[in-house]
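A.B. asks: Residues 1414 to 1564 (the numbering used here) make up the sequence shown, in order. In this text, a Cβ means the ideal position worked out from N, Cα and C, and glycines have one as well. These numbers come from a predicted model, not from an experiment. Okay, handing you the structure first.
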Amino acid sequence: MACKTEIKEKKRGPLAVIECTEDIPCNPCTTCCAQKAITFEGSINSLPKLDEDKCTGCGICVARCPGMAIFVVDREYSETECLVSFPHEFLPMPQAGEEIVASDRQGKPVCAGTVHRVVRPESFDGTAVVTIKIPKEYADQVRGIRTERGV
Ligand code: SF4
Ligand code: SF4
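Put into structure tokens, the structure is as follows:
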């Protein structure tokens, strides 16, 4: 399967990171973004491309992507920490302030972290987006959590 991956360096503040592995027609990432920040070059099977200047880091595409392939990363949260946001579909739902083990996309533990916030607005179609705070050197590795409750 072709890998449609786009990881770009952050300018400032939260920014979408697209790590898409779908090579089938799929476009919720483009249709949900009010900023028109995600487009395809060529056909719908092409690599989703992010315009960093347009992205506000709102996270709607994180919730709407059926492949769970979009994240929001704020690399400049503090001198030592970054924020990583991802969709979370398991129960029990993590809570803000909870200590967690951050994992990579394969579920392998990467580092310790803290739940920064959990949001589930109507605009996210019921999908919860969890944001965690981790050491910034892991910004490109961490894409989920393994809670101490084993979720
Ligand atoms: S985070 Fe928001 S503004 Fe950025 S690409 Fe996704 S939907 Fe668009
Ligand atoms: S919605 Fe998700 S899976 Fe579909 S093309 Fe966009 S990034 Fe890939």
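Can you name, in chain order, every residue of its own chain whose Cβ lies under 7 Å from the Cβ of I1547, other than the five neighbours on each side?
C.D. replies: Correct list, in chain order: E1494, C1495, V1497, A1515, C1524, G1526, V1555.
A.B. asks: So is the beta-carbon of A1541 under 7 Å away from any non-hydrogen atom of ligand 1?
C.D. replies: No, Cβ of A1541 sits at least 7 Å from all heavy atoms of ligand 1.
A.B. asks: To which residues of the same chain is D1466 closer than 6 Å at the C-beta, ignoring the five residues directly before and after it?
C.D. replies: Excluding sequence neighbours, D1466 sits near nothing in its chain.
A.B. asks: Could you pull the start and end residues of the beta strand (DSSP E) that T1444 belongs to?
C.D. replies: It is not in any beta strand (DSSP E) - T1444 instead sits in the alpha helix (DSSP H) that spans 1441 to 1444.
A.B. asks: Just to check, is the beta-carbon of G1426 closer than 7 Å to a non-hydrogen atom of ligand 1?
C.D. replies: Because no heavy atom of ligand 1 lies under 7 Å away, the Cβ of G1426 does not count as near it: no.
A.B. asks: Grouping DSSP H, G and I as helix and E and B as strand, with all else coil, what is F1484?
C.D. replies: Strand at F1484.
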